[in-house]
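These notes are about the structure you will find just below.
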Amino acid sequence: MDVLNTFGGGSAPVLVLLGMFLLGVAVFTFCFVIAAVNDDSYGFVAIFAVLAVVAVNIAALCFNLREPVQHEVTLRPGYVIDAAKYEIVEQRGQIYVIEEREGAE
Numbered sequence: 383m384d385v386l387n388t389f390g391g392g393s394a395p396v397l398v399l400l401g402m403f404l405l406g407v408a409v410f411t412f413c414f415v416i417a418a419v420n421d422d423s424y425g426f427v428a429i430f431a432v433l434a435v436v437a438v439n440i441a442a443l444c445f446n447l448r449e450p451v452q453h454e455v456t457l458r459p460g461y462v463i464d465a466a467k468y469e470i471v472e473q474r475g476q477i478y479v480i481e482e483r484e485g486a487e
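Numbering-wise, this note's numbering puts 462 at position 80 of the sequence shown, and it's gapless, one number per residue.
Following this line, the structure appears as structure tokens:
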């Protein structure tokens with residue numbers, strides 16, 4: 383098997399940004415509700431906002447928001463793709479696009 387190109391494996395930036403945006407909207411909505419209920423809670427709101435930013439960064443690290451690793455390969459005569467390790471995503475003539483399965487080593 384000859385590897386022509388490898389791509390993926392990085393963070394999916396759209397999912398990370400969308401998650402951070404939605405969590406930020408939820409946090410600031412919660413902060414403004416607390417500030418509206420108690421006019422003297424601005425210190426609490428500031429501390430909560432800082433902790434929320436830290437929590438968003440930790441959540442981004444904990445959740446595996448990664449694109450799968452894919453390889454464009456050609457096969458030598460008599461060679462087969464290991465079905466336990468790779469999944470065929472696409473075939474373009476003699477070029478196969480394979481993706482690493484989760485948990486495969």
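From the three backbone atoms N, C-alpha and C, an ideal C-beta is built for every residue, glycine too.
Treat the numbers as computed from the prediction; the structure is a model and nothing was measured.
With H, G and I counted as helix, E and B as strand and the rest as coil, what does DSSP make of residue 405?
Note: residue 405 maps to helix in three-state DSSP.
Tell me the residue span of the beta strand (DSSP E) that contains residue 474.
From DSSP, the beta strand (DSSP E) with residue 474 extends over 468-474.
So, with DSSP's three-state summary, where would you put residue 435?
Residue state, collapsed to three classes: helix.
Going by DSSP in three states, residue 399 sits in which element: helix, strand or coil?
Looking at residue 399 - three-state DSSP - the assignment turns out to be helix.
Could you spell out the range, first to last residue, of the beta strand (DSSP E) harbouring residue 478?
477-482 is the extent of the beta strand (DSSP E) around residue 478.
Taking Cβ to Cβ, would you say residue 390 is nearer than 8 Å to residue 452?
Yes, the Cβ-Cβ distance between residue 390 and residue 452 is below 8 Å.
Comparing alpha-carbon positions, which option in 465, 410, 479, 406 lies nearest residue 454?
Nearest C-alpha to residue 454: 479.
Are the CB atoms of residue 456 and residue 386 nearer to each other than 8 Å?
Yes, the pair counts as a contact, with Cβ atoms nearer than the cut-off.
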